[in-house]
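2 protein chains.
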Amino acid sequence: MSKKQLIMESALELFAKQGFEATSVQQITDHAGISKGAFYLSFKSKDELIIALIDHFMMQFTSDIDWVVKNSNNDTELLYDFYNAAFASFQKHSDFAKIFIKEQSQTPNEELISKMRHYDKLTDKIILSMIDRLYGEEARKVKYDLIYCIKGFIHVYSHLFLFFNLPFDLDSLCRSLAQKTNVLAKHSTIPFITEELFQTFTTEQSYEEVTAEQLIELLGQTIEEIEEPIEKESLTLLKQQLIEPSLSPAIVKGLLENIRNHPHCKWVSYLLRGYFGF
Amino acid sequence: MSKKQLIMESALELFAKQGFEATSVQQITDHAGISKGAFYLSFKSKDELIIALIDHFMMQFTSDIDWVVKNSNNDTELLYDFYNAAFASFQKHSDFAKIFIKEQSQTPNEELISKMRHYDKLTDKIILSMIDRLYGEEARKVKYDLIYCIKGFIHVYSHLFLFFNLPFDLDSLCRSLAQKTNVLAKHSTIPFITEELFQTFTTEQSYEEVTAEQLIELLGQTIEEIEEPIEKESLTLLKQQLIEPSLSPAIVKGLLENIRNHPHCKWVSYLLRGYFGF
DNA sequence: TATACTAATGACTGGTTGGTCATTTGTCAA
DNA sequence: TTGACAAATGACCAACCAGTCATTAGTATA
């Protein structure tokens, strides 16, 4: 494990327990068994660390739920699958999820806030595409409210998960929430969040389209990071495809599938899916 | 205004802007125009201050929504009135609400966490009584889920309120949420939170019944605090009634009504309503 | 073995924190 | 005017903080 990862894992644990502000760099390095100076070889500052953590997790979360929404071919199970992916992600990275819930928009760190907003907007976009697909015109008036209801459900129920150590029936939870969401979509008629209001929340451009050059750069970095041969070759071929397209869509899709579940590839896989139009 | 209140108001503003940990006692006293030493004449520590703030606001919030639920005689408007009271309270004390959302269960301060849990349980109780009244047997299976849905709605929508400075149509919001709640109550059938599960969340005894002695003590304090003659006399008569009952229920109810809206009486009024059974 | 290099250390700095307390200021009654 | 008491002050303290940097340890090449 790289020193950077070691630090991130130690910090994750302590932040989840004590919060970001209340955890000192000294505590993190003690816990990781390294010196304080070594910390600053990996991160320029404590702020850079929390941002790296946010990025690391949110990239996975975003790409996970995006994949579920884009690749489910069974509309009746889509909501269930969506909630399942979201809660599975929270459960798997429960330390991060705790930080995420605690540290929401509360820090004076400008960059962190804008990071959070950014991922929040991506989540909105994914949820919206799911609603559009499931209900289309039927939910035109209330679709923005539905986004917020879904986020509210996830918030309160993930609280139970995270802060009570009880064995939960994830299947039951997801079935329950899928029905609730469906009921709201079918029967609620009074919107609060209008298209116009929703736009004002998301004024700044979100989800900037990435260029091929940026993707090639990112792919180059990722190729260096990982060792598994299949993933490494898939990434290399995809990089080649960006420089000079020669592969058929089926092959590209297959290559994307190869890397989809590798923790270090989730984000680049998400971006590539957007780029290639899958 | 007492020194204690002055400090609390200054702190409220700064905590909302910067968070609790990031605000120093020096900043608070500078902002309040007093010396640092004077702070410690009013509060034993910085922690005691945040707890006083939580108490001050949550007592008002709890008693406000309790009053609405207990005193609405129009079932069709009850949900609307409930949301209205809740959001009005958040809007009126937006600085506090920001702190509340930010500081939720994230501090290492044990007492604060248990305070939060305590008020959370009271809120659950009030919401549950509302659901029971509106839907009774009809929502027996899903009533605990409804509590969490309602809390989820309040959470996400209050976020919009608090962190975007936009003019909101409170009426529209409450109508929208009342309908959503009603739709869920009428059509959702798959519960996640069973009675048993709900009980385990709320194991410790909540809402300890207060004794007449405690109420008399509290009334004595409150009488000292306020100056308005009507409220003062009402409190004095109610205190007398506790020591030696002599007034008719109608008169007692009227006296309670007199003090209901005074900020310093809300909590004692809530407790008295419970005690006298209104 | 000698050299050149990077990785890692932890004492240190300048600054801030929550909290204390000897001292001063203000306010009464005598 | 005096004296007694409470209210208020702010310099001060030990503890801790994020971040630095001269020094050392480890490693690979020649």
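Protein chains in written order, with our numbering: chain Y, 6 to 283; chain X, 6 to 283. Where is the CB? At the ideal position from N, CA and C, for every residue including glycine. Predicted model, so just to flag it, every value in this text is computed and none were measured.
| message | Relative to the C-alpha of residue 66 (chain X), which candidate in X:168, X:233, X:136, X:268 has its C-alpha closest? | response | As a first step, residue 66 (chain X) is located in the second sequence; it is residue number 61 there, counting from the start. For residue 66 (chain X), the closest C-alpha among the options X:168, X:233, X:136, X:268 is that of X:268.
| request: Just tell me which of Y:136, Y:115, Y:126, Y:53 has its CA closest to the CA of residue 205 (chain Y). | output: Sequence index remark: in the first sequence, residue 205 (chain Y) carries index 200 (1-based). If we check each option's Cα against that of residue 205 (chain Y), Y:126 comes out closest.
| How far does the alpha helix (DSSP H) with residue 192 (chain Y) in it reach, from first residue to last? | Taking the first sequence and counting its residues from 1, one reaches residue 192 (chain Y) at position 187. Annotation for residue 192 (chain Y): the continuous alpha helix (DSSP H) segment containing it runs 175 to 192.
| query | By the 10 Å Cβ neighbour count, where 16 or more other Cβ atoms means buried, how is residue 196 (chain X) classified, buried or exposed? | reply | In the second sequence, residue 196 (chain X) corresponds to position 191, counting from 1. Label assigned to residue 196 (chain X): buried.
| query | If the cut is a Cβ gap below 7 Å, which residues of chain X does residue 193 (chain Y) touch? | reply | Along the first sequence, read from residue 1 onward, the residue named residue 193 (chain Y) stands at position 188. Result: 184, 185, 188.
| Contact check, residue 162 (chain X) vs residue 178 (chain X) under 8 Å by CB: the rounded distance? | For the purposes of this step, residue 162 (chain X) is identified with residue 157 of the second sequence, where counting begins at 1. For the purposes of this step, residue 178 (chain X) is identified with residue 173 of the second sequence, where counting begins at 1. The Cβ separation is near 6 Å, so the contact holds.
| field | Within 8 Å of chain X by C-beta, residues of the region 137 to 151 of chain Y in sequence order | value | Under the 8 Å Cβ criterion, the region 137 to 151 of chain Y contributes 150.
| query | Which same chain residues, not among the five before or five after residue 211 (chain X), have their C-beta less than 6 Å away from its C-beta? | reply | By one-based count along the second sequence, residue 211 (chain X) stands at place 206. The predicted model places residue 211 (chain X) with a pLDDT of 43, which falls under 50 and marks its position as unreliable, so this point remains unresolved.
| query | Mind pulling the chain X residues with CB within less than 7 Å of residue 156 (chain Y)? | reply | Within the first sequence, residue 156 (chain Y) is the residue found at index 151, counting from 1. The contacting residues are 161.
| query | Which chain X residues sit within Cβ distance under 8 Å of residue 26 (chain Y)? | reply | The sequence position of residue 26 (chain Y) within the first sequence is 21, counting from 1. The answer, in chain order, is 24, 26, 27.
| request: Starting from residue 127 (chain Y), find everything on chain X with Cβ-Cβ shorter than 7 Å and list it in chain order. | output: As a working mapping, residue 127 (chain Y) is identified with position 122 in the first sequence. Here the premise fails: no neighbours, minimum Cβ distance about 17 Å.
| field | Span separating the alpha-carbon of residue 202 (chain X) from that of residue 44 (chain Y) | value | Within the second sequence, residue 202 (chain X) is the residue found at index 197, counting from 1. Within the first sequence, residue 44 (chain Y) is the residue found at index 39, counting from 1. Roughly 43 Å between the two C-alpha positions.
| task | Check whether the Cβ atoms of residue 104 (chain Y) and residue 20 (chain Y) lie closer than 9 Å to each other. | result | By one-based count along the first sequence, residue 104 (chain Y) stands at place 99. By one-based count along the first sequence, residue 20 (chain Y) stands at place 15. Yes, they are a contact pair.
| field | Among X:199, X:185, X:198, X:192, nearest to residue 193 (chain Y) - alpha-carbon criterion | value | Position 188 of the first sequence, counted from the first residue, corresponds to residue 193 (chain Y). Looking only at X:199, X:185, X:198, X:192, the smallest Cα-Cα distance to residue 193 (chain Y) is reached by X:185.
| request: Can you say whether residue 37 (chain Y) is buried or exposed, counting buried as having 16 or more other CB atoms within 10 angstroms of its CB? | output: Mapped onto the first sequence, residue 37 (chain Y) falls at position 32. Around the beta-carbon of residue 37 (chain Y), 16 or more other beta-carbon atoms lie within 10 Å, marking it buried.
| For residue 210 (chain X), which of helix, strand or coil comes out of DSSP? | As a working mapping, residue 210 (chain X) is identified with position 205 in the second sequence. In this prediction, residue 210 (chain X) scores a pLDDT of 46, lower than 50, which makes its location untrustworthy; no coordinate-derived value is stated.
| Contact check, residue 63 (chain X) vs residue 124 (chain X) under 8 Å by CB: the rounded distance? | Counted from its first residue, the second sequence places residue 63 (chain X) at position 58. Counted from its first residue, the second sequence places residue 124 (chain X) at position 119. The pair is a contact, with the Cβ atoms about 4 Å apart (cut-off 8 Å).
| Inter-residue Cα distance where the pair is residue 9 (chain X) and residue 53 (chain X) | Start at 1 with the first residue of the second sequence, and residue 9 (chain X) comes out as number 4. Start at 1 with the first residue of the second sequence, and residue 53 (chain X) comes out as number 48. The straight-line gap separating the alpha-carbon atoms of residue 9 (chain X) and residue 53 (chain X) is approximately 12 Å.
| message | Suppose the cutoff is 8 Å on Cβ atoms and the five residues either side in sequence are ignored; what does the same chain contact list for residue 58 (chain X) look like? | response | On the second sequence, position 53 is the one that residue 58 (chain X) refers to. Here residue 58 (chain X) has 13, 16, 17, 20, 101, 104 as same chain residues with Cβ atoms under 8 Å from its own Cβ, once five neighbours each way along the sequence are excluded.
| Within this structure, are the beta carbons of residue 99 (chain X) and residue 275 (chain X) separated by less than 9 Å? | Residue numbering aside, residue 99 (chain X) sits at position 94 when the second sequence is read from its first letter. Residue numbering aside, residue 275 (chain X) sits at position 270 when the second sequence is read from its first letter. Not closer than 9 Å, so no.
| Span separating the alpha-carbon of residue 256 (chain X) from that of residue 218 (chain X) | Here residue 256 (chain X) refers to the residue found at position 251 of the second sequence. Here residue 218 (chain X) refers to the residue found at position 213 of the second sequence. Taking the straight line from one Cα to the other gives about 21 Å.
| said: Does the CB of residue 177 (chain X) have a neighbour CB from chain Y at under 9 Å? | reply: Against the second sequence, residue 177 (chain X) aligns to sequence position 172. It does; some Cβ of chain Y falls within 9 Å.
| field | Outcome for residue 263 (chain X) when other beta-carbon atoms lying within 10 angstroms are tallied against a minimum of 16 | value | In the second sequence, residue 263 (chain X) corresponds to position 258, counting from 1. For residue 263 (chain X), the number of other beta carbons within 10 angstroms of its own is at least 16, and it is reported as buried.
| query | Is the Cβ-Cβ distance between residue 228 (chain X) and residue 237 (chain X) less than 9 Å? | reply | Here residue 228 (chain X) corresponds to residue number 223 of the second sequence, with the count starting at 1. Here residue 237 (chain X) corresponds to residue number 232 of the second sequence, with the count starting at 1. Cβ distance < 9 Å, so residue 228 (chain X) and residue 237 (chain X) count as in contact.
| Within the 9 Å Cβ cut-off, does residue 124 (chain Y) reach chain X? | Here residue 124 (chain Y) is taken as the residue at index 119 of the first sequence, counted from 1. It does not: the Cβ of residue 124 (chain Y) has no partner Cβ on chain X nearer than 9 Å.
| query | What does residue 206 (chain Y) reach in chain X if we use C-beta pairs closer than 8 Å? | reply | In the first sequence, residue 206 (chain Y) corresponds to position 201, counting from 1. Those are 165, 169, listed as they occur along chain X.
| Are residue 128 (chain Y) and residue 70 (chain Y) closer than 9 Å when you measure CB to CB? | Within the first sequence, the letter at position 123 stands for residue 128 (chain Y). Within the first sequence, the letter at position 65 stands for residue 70 (chain Y). Yes, Cβ-Cβ distance for residue 128 (chain Y) and residue 70 (chain Y) is below 9 Å.
| request: Could you tell me which of X:23, X:242, X:7 sits nearest to residue 260 (chain X), measuring between CA atoms? | output: Along the second sequence, one-based indexing puts residue 260 (chain X) at 255. It is X:242.
| task | Specify the secondary structure class of residue 282 (chain Y) as computed by DSSP and reduced to three states. | result | Taking the first sequence and counting its residues from 1, one reaches residue 282 (chain Y) at position 277. Looking at residue 282 (chain Y) - three-state DSSP - the assignment turns out to be coil, as it is neither helix nor strand.
| is_contact[residue 180 (chain X), chain Y] using C-beta, thresh 9 Å | Residue numbering aside, residue 180 (chain X) sits at position 175 when the second sequence is read from its first letter. Yes, its Cβ sits closer than 9 Å to a Cβ of chain Y.
| query | Around the Cβ of residue 49 (chain Y), are there at least 16 other Cβ atoms within 10 angstroms (buried) or fewer (exposed)? | reply | In the first sequence, counting from the first residue as 1, residue 49 (chain Y) sits at position 44. Residue 49 (chain Y) is classed as exposed because its beta carbon has fewer than 16 other beta carbons within 10 Å across all chains shown.
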